[in-house]
Amino acid sequence: MPLYLTESDISALLEPADAVEAIEECFRRMARGAIDNAPRRRLRLEEGSLADMAASDRELGVAGGKLYTASPAGATFVVCLFDAEKSELAAVIEADQLGRLRTGAASGVAARFLAREGARTLG
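So that you can map any letter, position 58 of the sequence shown is 57 in numbering that gives the first Met the number 0, and since no number is skipped, the others follow by simple counting.
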């Protein structure tokens, strides 16, 4: 049975510093050619859209996709993660907080590598 993680679980399990380290390592795997990702696709709904993004990581042996709907009423995000070796669904993750952590972490990694040496402030 796949693991199900709620927004509360993600908040309790992941700190921003953990996300920065995970995203930095993800970028390293991308540079090695171990990750493939597909461009985001969007489908029109009556008053919004359904979007999907997918990726695979051959080093970690996982593949997954993020789906979300967006409309004037709000947005809902979910990630389905698969064990690529077993071809099994490994996890379903409510992904609003996860996306926020990832976005912030990518900026943190960029700042780490692009900031002037000794910089203490941003801006």
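Each residue gets a CB set at the ideal place from its N, CA and C atoms; glycine is no exception. Quick caveat: nothing in here was measured; it's all calculated off a predicted structure.
Between which residues of its own chain and residue i is the CB-CB distance below 8 Å, once the five residues before and five after are set aside?
i     : result
LEU12 : LEU4
SER10 : GLN96
Cutting at 7 Å between CB atoms, please list the residues of its own chain near residue i, excluding the five before and the five after it.
i     : result
ASP82 : GLY60, VAL61 and ALA89
GLU46 : SER70 and PRO71
VAL91 : PRO1, TYR3, VAL77 and CYS79
Cβ atoms of residue j and residue i: under 8 Å apart, would you say?
i      : j      : result
ALA150 : ALA74  : Examination of residue 150 is not possible in this model, given that the chain is present from 0 through 122 alone.
ARG40  : ASP56  : no
ILE34  : ALA54  : yes
LEU49  : LEU66  : yes
ALA132 : LEU100 : Any property of residue 132 remains undetermined from this structure, which presents the chain solely from 0 to 122.
Evaluate residue i with the Cβ neighbour count: other Cβ atoms within 10 Å of its Cβ, from every protein chain shown; 16 or more gives buried, anything less gives exposed.
i      : result
ALA114 : exposed
GLY125 : There is simply no residue 125 to check, as the chain begins at 0 and stops at 122 in what is shown.
GLY117 : exposed
ALA30  : exposed
Could you tell me which residues DSSP puts in a beta bridge with residue i?
i    : result
LEU4 : ILE92
Task: Sequence ranges, beta strand (DSSP E) only - wholly within the region 18 to 99, length at least 3 - done: 34 to 36, 40 to 44, 47 to 56, 61 to 70, 73 to 82 and 87 to 93
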